[in-house]
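Engineer: Under the working numbering, the first residue of the first sequence carries the number 1133, and numbering increases by one thereafter.
Where a beta carbon is used, it is the ideal one built from N, C-alpha and C, also for glycine.
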Amino acid sequence: MNALKDQTSTVRVRFAPSPTGNLHIGGARTALFNWMYAKVQNGQFILRIEDTDLERSKQEYLEEIMFSMDWLGLKWDELYKQSDRFDIYREHAQKLLKEEKAYKDGEAIVLKMPQMPLKFTDLIRGDISFDSSEIKDQVLMKSDGSPTYSFACVVDDALMNMSCVIRGEDHISNTPKQLAIYYSLGFRPPKFAHLPLIMGEEGGRLSKRHGAVAVSEYRKMGFLPEAIVNYLMLLGWSPGNNQEIIPMASAIKNFSIRKINKTAAMFSMEKLEWINAQYIKQKDTPSLIKLIVPFLEAQGVGPQKMENGKLEQIVNLYKGRLSTLSDFMNWTDFIFADQFQLPADLKEKFFSKDLSKEFSLLKERLSQLPQFETATTEQAFRDLVAELGIKASDLVHPVRVALTGKEVGPGLFDTMSILGKETTIKRLSEAVQK
RNA sequence: GGCCCCAUCGUCUAGCCUGGUCCAGGACAAAAGAUUCUCAGUCUUUAGACGCGGGUUCAAAUCCCGCUGGGGCUACCA
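Okay, here's the thing in structure tokens:
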């Protein structure tokens, strides 16, 4: 009914990355919390590219950031680039100059720090105040005509009608400087919420020296976007019902900025992997296949090796043991490889004793089977070991090694069934003649 | 150094606002057992925390102060 009132009460939040690198996992979490907050409040989520540093900003990073956000499912309602808005910043700086709230220093325009209490109520931390006498005059426009971070940020947040600025804790100390800019410009500051930082496993802020930090790296490692998002939201927030695997719909339902905690959280690859494994197990096989195929292709596995029913059988068998999609490759390489080399250490461990008699008997029995499937191969195998008077496990392990080149893996008879009669027999022969 | 933020199991956290229901709950990791041809998975179980010191109070993980520890900022980077 009242358009103006509606306008001002609308929740508008933003994520403002700088395209000087790929989307960082910490940035992704900031984006996620902003996005969730917008969803809960039925507001808008804005993506603003802070590319005022012309030197370091790169188009490829910009594209990568948008791609990764999209991949994570964080869709934005509006998009801005600060490099398109230099005129606006210049105008506002000129205004401050005219009003003598700023002065020139060479070509640069510098804000006279007003002497006033610079305090705000952080939605997560409560009241925070600074003494403005401790803060020096702030450069607004650099000598090269580009705006500084704080200035562009304030002008944009004000002009874009942000209701709340949700960002990392590292910006707490920037807030008083920005508050001074808001007041000098005559703008009303938004609300602020400063998120706890994500730390690396050895402490300190999460950075490249701790391993992968870019969302794209996690994608390439075979993490699912749902799992990354799920893990990230658990860093500093909890739905409060002991739930760990949280579907987005229920996360949004339970989300509240008040429930975000203040403590920095250490990033744990192990927990991320566990969550990823849970999501993989939850997937139905056809969708999982779709996700795995690109990884197979990247390994040079041709489509002729991915026949419909076959791949489904394989994926079903290995689904429960995957932490990441790329794990699938490590488990199943022996299925897709034409050539098969038995690792020397395993050869030594399992075939120093002569097994040619057992192996040829097994080959004989297996080749006679009219139906080569899990149940029939197992029956044939068990009959044979009973006749030979040996323990099943005495033969199971060498046979697994012969077929897969690995000591561990799923049930032997499932493995045989996937390999098929021909390959199974061929590998049994090769193992004993080697 | 100055300013600012933070402090529950090894890690992520619930509880703290509105003190008693908490000899502190869950999850990851760890250990043990069950299942099985191995490993993984699954199920069951065990171990494991309120940083320290002062207050306030009949009562403190919860409120207050100090210390210690960790983190951030201190750029014409964002």
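So is N1393 buried or exposed if we call it buried at 16+ other beta carbons inside 10 Å?
Structural biologist: Classification for N1393: exposed.
Engineer: On the three-state DSSP scale, how would you describe A1240?
Structural biologist: Strand at A1240.
Engineer: On the DSSP bridge assignment, give the partners of V1271 in chain order.
Structural biologist: Looking at the DSSP assignment, V1271 forms a beta bridge with V1242.
Engineer: By DSSP, does F1482 sit in helix, in strand, or in coil?
Structural biologist: In the structure shown, F1482 sits in a helix (DSSP, three-state: H, G or I).
Engineer: Skipping 5 residues on each side, what residues in its chain have a beta carbon closer than 6 Å to that of L1478?
Structural biologist: V1533, listed in sequence order.
Engineer: Provide the residue span of the beta strand (DSSP E) that contains V1287, from first to last.
Structural biologist: Here V1287 belongs to no beta strand (DSSP E); instead the alpha helix (DSSP H) covers 1281–1291.
Engineer: In angstroms, rounded to a whole number, what distance separates the CA positions of S1458 and D1269?
Structural biologist: In a straight line, the C-alpha of S1458 is about 52 Å away from that of D1269.
Engineer: With C-beta atoms as the reference, is S1295 less than 8 Å away from K1323?
Structural biologist: In contact: S1295 and K1323 (Cβ atoms closer than 8 Å).
Engineer: Y1212 bridges to which residues according to DSSP?
Structural biologist: R1180.
Engineer: If I'm right that K1213 touches I1181 with Cβ under 8 Å, what's the distance once you round it to whole angstroms?
Structural biologist: Confirmed, about 5 Å.
Engineer: Are the CB atoms of V1540 and I1384 within a distance shorter than 8 Å?
Structural biologist: Their beta carbons are not under 8 Å apart, which means I1384 does not touch V1540 by this criterion.
Engineer: Kindly list the residues whose CB is nearer than 6 Å to the CB of F1319, restricted to its own chain and excluding five residues on each side of it in sequence; keep chain order.
Structural biologist: If we look at F1319 and ignore the five residues flanking it on each side, its Cβ neighbours are A1290.
Engineer: Name the DSSP bridge partner or partners of T1253?
Structural biologist: According to DSSP, which records beta bridges pairwise, T1253 is partnered with D1259.
Engineer: Smallest Cα separation from L1311: which of N1362, M1248, E1210?
Structural biologist: Nearest C-alpha to L1311: M1248.
Engineer: Could you say which of T1506, K1553, S1275 lies nearest to Q1500 if we only look at CA atoms?
Structural biologist: Checking every option, the nearest Cα to that of Q1500 belongs to K1553.
Engineer: Check for me: the beta strand (DSSP E) holding L1327 runs from which residue to which?
Structural biologist: Element bounds for L1327: 1323–1327.
Engineer: Mind checking A1430: buried by the 16 CB within 10 Å criterion, or exposed?
Structural biologist: With fewer than 16 Cβ atoms within 10 Å of its Cβ, A1430 is classed as exposed.
Engineer: Go through its chain and collect everything with a Cβ distance to L1443's Cβ below 7 Å, but skip five positions before and after it.
Structural biologist: Closer than 7 Å at the Cβ level, and outside the excluded window around L1443, lie I1421.
Engineer: With which residues is Y1235 paired in a DSSP beta bridge?
Structural biologist: Y1235 is bridged to V1242.
Engineer: Under DSSP, the alpha helix (DSSP H) around R1497 begins and ends at which residues?
Structural biologist: Counting along the chain, the alpha helix (DSSP H) containing R1497 begins and ends at 1488–1499.
Engineer: Comparing C-alpha positions only, which one of F1513, V1287, L1493, R1514 sits nearest to F1218?
Structural biologist: Nearest C-alpha to F1218: V1287.
Engineer: Assuming R1222 contacts M1273 (C-beta within less than 8 Å), just tell me the rounded distance between them.
Structural biologist: 7 Å between Cβ atoms; contact.
Engineer: Starting from F1147, trace the beta strand (DSSP E) in both directions and tell me its first and last residue.
Structural biologist: Segment 1144–1147, the beta strand (DSSP E) holding F1147.
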